[in-house]
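Novice:
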Amino acid sequence: MTHTRLRLAAAAGLVAPLLVLALAACNPMDTLEKVHSEEFADRAAAAEGWVGVEMPAWIPAGATSVKNTATTNETNAVVAVEGGELEDCAEMDRRGLPFDSRYGSLGEPLPATVFVCGPYEVVRTDAGWLGWFNATEKGQTPADA
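Mind the numbering: the sequence shown is residues 558 to 702 in the working numbering, read in order.
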């Protein structure tokens, strides 16, 4: 084998694992943090491509720019949605906080009340809505809450 071929083979051996990592996760930090993140243009696209558990029913029909980050075991999730109005949610005292702040914080002071939409707590943001799910029992997901 010539030196050029050896160099090409060595380069391919270094590039291939990086390519696999890049294809496996859009954000390598997600893999390290044991979360997955998805972004969708609207509710219809989210319904078609949602990963993990079933897409939260609270996401408004007119929602756009739907973003989701959840732990790989689905015990924590945070969802940011632009646009639309909530339906079938009740205003109640806040019980928890989003486990991840990549879609913004709740501000100070923290809201005392939230909209409870099934197993999710949801608050209005400048752009739309921020919702989260936090397991209250080991291994609990939104599907069994």
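Glycine included, every Cβ here is placed at the ideal spot set by N, Cα and C.
Under a three-way DSSP split, which group does ASP644 fall into?
Specialist: Per the sequence shown, the amino acid found at residue 644 is Glu instead of Asp. It is coil, neither helix nor strand.
Novice: Is it buried or exposed for GLU644, if we count other Cβ within 10 angstroms and need 16 for buried?
Specialist: Its Cβ having fewer than 16 others within 10 Å, GLU644 is exposed.
Novice: Going residue by residue through the segment 602 to 648, where are the continuous beta strand (DSSP E) segments of at least 3 residues, counting only ones entirely within it?
Specialist: With a minimum length of 3 residues, the continuous beta strand (DSSP E) runs that stay inside the segment 602 to 648 are 621 to 628, 633 to 639.
Novice: Is there contact between the segment 590 to 608 and the segment 619 to 633, where contact requires at least three CB pairs shorter than 8 Å?
Specialist: Enough Cβ pairs lie closer than 8 Å, so yes.
Novice: Alpha carbon to alpha carbon, what distance is there between SER662 and THR670?
Specialist: When rounded, the distance between both Cα atoms is 15 Å.
Novice: Name, in chain order, the residues that DSSP records as bridge partners for ASP657.
Specialist: DSSP, once it has assigned bridges, lists no residue as partnering ASP657.
Novice: Report yes if the C-beta distance between VAL673 and MET649 is below 7 Å; otherwise report no.
Specialist: Going by C-beta atoms, VAL673 is nearer than 7 Å to MET649.
Novice: What is the DSSP secondary structure of ARG681, reduced to helix, strand or coil?
Specialist: Note: ARG681 maps to strand in three-state DSSP.
Novice: Should VAL608 be labelled buried (16 or more other beta-carbon atoms within 10 Å of its own) or exposed?
Specialist: Looking at its Cβ environment, which holds fewer than 16 other Cβ atoms inside 10 Å, VAL608 is exposed.
Novice: Does DSSP put ALA700 in a helix, a strand or coil?
Specialist: In this structure, ALA700 counts as helix in the three-state DSSP scheme.
Novice: Once the 5 residues before and after VAL610 are set aside, which same chain residues still bring their CB inside 6 Å of it?
Specialist: The answer, listed in chain order, is GLU631, THR698, PRO699, ALA700.
Novice: Should ALA614 be labelled buried (16 or more other beta-carbon atoms within 10 Å of its own) or exposed?
Specialist: So ALA614 ends up on the exposed side.
Novice: State yes or no: is the C-beta of GLY606 within less than 7 Å of the C-beta of GLY641?
Specialist: No, they are not a contact pair.
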